[in-house]
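Numbering (full-length UniProt numbering), first residue to last: 1 to 904.
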């Protein structure tokens, strides 16, 4: 046999190079210190066959630190060895198994080697690690395919995560997802609300080749949290959830048919309506624009009553000695629901003997005369009966008249007085004990006698307080909010009241009046002296309703301009208007607005009780609108809100812009939250409290932005960051808040978050510019330059107004002007003076003359002026300034301001 020189083995130690020589009689391997001789001659019949592989090594992945095994099987083969990255694997690392194929008798050889993570890592980054097995026979050699060995991994962070969206119904939705880098490449699946999305079962979903999820037509059921899941043999990663909200914009139904004309005769009007139910707005969708009711002038045709025509001529005398004539209801014919003609349309008359034809025989004449006599007798008897009946009725009527005269003249009432219920003087309005309505008659008690109480079948709205009364200490009320709120919320009407005591104040008041205040909200209720009838004591509350719990029916261009405030209980008797003060967020340009005061009825419906600029002074409501504050005069307690309807695109709401960030940050990510909310103190207080609970702090002064009714969205963007130290994780150039989310006013804490990432934890200095603007409208910018770990600016305490006033004050302590002085001023100025030195001059000096007509409609105009002055100057009121005004008027009562409190 000729000598075949096989490949040589190069040891990793580099010490010895040997040759592998193949002979027909055997194989000798010499390798340094190791030597092995194996002789496996092939049968002569198969000696000329090249080896072929029954099993070739496949690509494998090393998971964590577990080694992998490569296997190679060949026949006919005398030897098999592995070569990895062009280097022969040492003989000791091979695990060899030999067998014989029973079908062919050929020898079968199988070789296995283990590859460790360390072996692969030695050349990691230079080239891929691969292995290949080489099989020998007496005829020649064969090489297998290359098997690549890779280290499997899956990084933690997604290269692109899905972002939440708000989309309209039937709109296409694209959620992007770029999974983390990994070997082998990660497989991607999508979940909605933790449930797997299978495009095969729901063809409305489609997953693209680059792992993005497409919702072909958004349905309401597609609203949810979507998560991108990446997995391979090493790990499974989930992206942050992206919230998809599918909203439905409202659509008008078809117009209903026109109503009947309001006028029965002549000019009137008719109307038709449509509703925003085709479809009904859902998930924050916009309400329908336009009018829900149309009116049209109409002219109703007046009804025409029928009239008789002239009688026709008499007919010839018939055989029965009767002649006829007729008339018709045709002059005019009745039309348009007119009345028909009254009376007979056919008239008969007996003929005289000369006109009657003489055709009957003598016997017939006798019968005729007998009949006539019989009829005459019957008529005579009937007439007699009627006369008798009439006389009896007349006698009975005379008897009744006589009895009536006896009742009115002869009868005298006996000296019996009805029993008067005990303590009946305690009630101003007598309760209707036949109904079960829970309208409030109040917890009404005598000022001096509280032991006896009037018992109702269904009980008073509020049960008496423990021990029967409250004790006033220096004008302040004892506080037991839990007991009060539990009793209040047990009533049917008050089940919608908030249970938190933070936003609720209450107190017990008598005729001296008092004041309720919700600190740091700008909301207060002034109960003037004499507003509560003397001898009555009322428990009164004041609270804020959460906007998301009180969905006001807003349509078209309407928007909520104030908090929803409840004061009550409703139904208490007031002799003078109380003043409810609350903030509003309109630009106070009444030419651009139609502002209405709404009040909720017992049935839960909201009614317009007042439109600013169209006040009727005889009504129990009046509203004074200032730049940022609204003061409502009302003689009926209840639930109120201020709603505005824009009359032009120039109408604007004031938005308060607040920037918050974590007080402490120990990670690379740093979040800045921008709140865009109505500019009212109650919302400022709510956001500040919420951020304190979240560990946030204010990082710049609040800004005010005028947001116009232009249907344009609000955009927010961040600029001018040092790219070497910070980067924004926002993939788009800006974020947007939809117009209708802001304009509706029903969402209290609208905000956007900018997530910034610093290069290292040592980076603490942050400089950037945040811009907030309405598309094609006004904008504001925040310039930030501070150290995120050492910022000690006292912005939180500066811009959260620390209103430490007592929530409830009763009696004289609730007012700047002492009670006796107030009475003297009213008696002096209420009487008109020829030179005008009366309440009119006082209103002019206090710059309240625009409400002159309202003051004049009250029994004591001066008292209403002083009530308004009290609400405006409770914290900053200066009696000396008021005394100076009185001196200007020329009233000597100005000197009474110098009277000491003890004398009053």
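Every residue, glycine too, gets a C-beta built ideally from N, C-alpha and C.
Everything numeric in this text was worked out from a predicted model, so none of it was measured.
query                                                                                                                                     : result
Three-way DSSP call (helix, strand, coil) for residue 649 in this model                                                                   : coil
Spatial distance of residue 712 from residue 649 (CA atoms)                                                                               : 11 angstroms
Under 8 angstroms between C-beta atoms of residue 653 and residue 586                                                                     : yes
Continuous beta strand (DSSP E) assignments of at least 3 residues falling wholly in the stretch 131–207                                  : 141–143, 147–154, 165–168, 173–175, 187–192 and 205–207
Per DSSP, the bridge partner or partners of residue 703                                                                                   : 657
Proximity of residue 641 and residue 598 at Cβ, strictly below 8 angstroms                                                                : yes
CA-to-CA distance, residue 886 to residue 894, given in whole angstroms                                                                   : Residue placement at residue 894 cannot be trusted, given a pLDDT of 46 that sits under 50; what the coordinates show is reported in the next sentence. Their backbone Cα atoms lie some 5 angstroms apart in a straight line.
CB contact flag (residue 871, residue 743, <8 angstroms)                                                                                  : no
Any 3 or more C-beta pairs closer than 8 angstroms across the stretch 590–597 and the stretch 528–548                                     : no
Of the residues 557, 626, 305 and 772, the one placed nearest residue 675, counting alpha carbons only                                    : 772
Whether residue 152 touches residue 62 by CB criterion (8 angstroms)                                                                      : yes
Residue span of the beta strand (DSSP E) that contains residue 104, given as start and end                                                : Where residue 104 is concerned, there is no enclosing beta strand (DSSP E), given that its DSSP letter is neither H nor E.
Contained alpha helix (DSSP H) runs [length at least 4] in the stretch 846–887, N- to C-terminal order                                    : 852–856 and 861–872
Alpha-carbon to alpha-carbon, residue 149 and residue 140                                                                                 : 28 angstroms
One or two residues paired with residue 946 in a DSSP bridge                                                                              : The displayed coordinates of the chain run from 1 to 904. Any statement about residue 946 would go beyond what the structure contains.
CA-to-CA distance, residue 263 to residue 304, given in whole angstroms                                                                   : 15 angstroms
CB of residue 106 within 8 angstroms of CB of residue 76, strictly                                                                        : yes
Residue 286 beta carbon less than 8 angstroms from that of residue 249                                                                    : yes
Boundaries of the beta strand (DSSP E) in which residue 819 is found, first to last residue                                               : It is not in any beta strand (DSSP E) - residue 819 instead sits in the alpha helix (DSSP H) that spans 819–829.
Chain-order list of residues whose beta-carbon lies under 7 angstroms from that of residue 884 (same chain, five-residue window excluded) : none
Short Cβ contact (8 angstroms threshold) for residue 855 with residue 839                                                                 : yes
Own chain partners of residue 216 with C-beta closer than 7 angstroms, once the 5 adjacent residues on each side are dropped              : 172, 204 and 206
Closest by C-alpha distance to residue 604, when choosing among 371, 819, 109 and 552                                                     : 552
Whole runs of the alpha helix (DSSP H) within the stretch 685–772, excluding any shorter than 4 residues                                  : 739–743
When 347, 729 and 673 are compared against residue 753, the one with the closest alpha-carbon                                             : 673
Beta-carbon proximity list for residue 144, same chain, < 7 angstroms, skipping 5 on both sides                                           : 53, 56, 57, 72, 132 and 133
Cβ neighbour criterion (16 or more within 10 Å) applied to residue 330                                                                    : exposed
Environment of residue 774 [buried if 16+ CB atoms lie within 10 Å]                                                                       : buried
Exposure of residue 32, with buried meaning 16 or more beta-carbon neighbours within 10 Å                                                 : Only weak support exists for where residue 32 lies, its pLDDT of 36 falling under 50; the value from the coordinates is given anyway. Looking at its Cβ environment, which holds fewer than 16 other Cβ atoms inside 10 Å, residue 32 is exposed.
Buried or exposed by the 16-neighbour rule on C-beta atoms within 10 Å, applied to residue 136                                            : buried
Assumed close pair residue 842, residue 792 - CB separation to whole angstroms, cut-off 8 angstroms                                       : With 8 angstroms as the limit, residue 842 and residue 792 do not qualify as a contact, their Cβ atoms being about 50 angstroms apart.
Residue range of the beta strand (DSSP E) that includes residue 599                                                                       : 593–600
Residue 639 vs residue 611 beta-carbon contact at 8 angstroms                                                                             : no
Residue 222, DSSP secondary structure in three states                                                                                     : helix
The stretch 159–168 touching the stretch 84–95, judged by at least three CB pairs closer than 8 angstroms                                 : no
Cβ shell of residue 814 (< 6 angstroms), same chain only, five flanking positions each side left out                                      : 514 and 515
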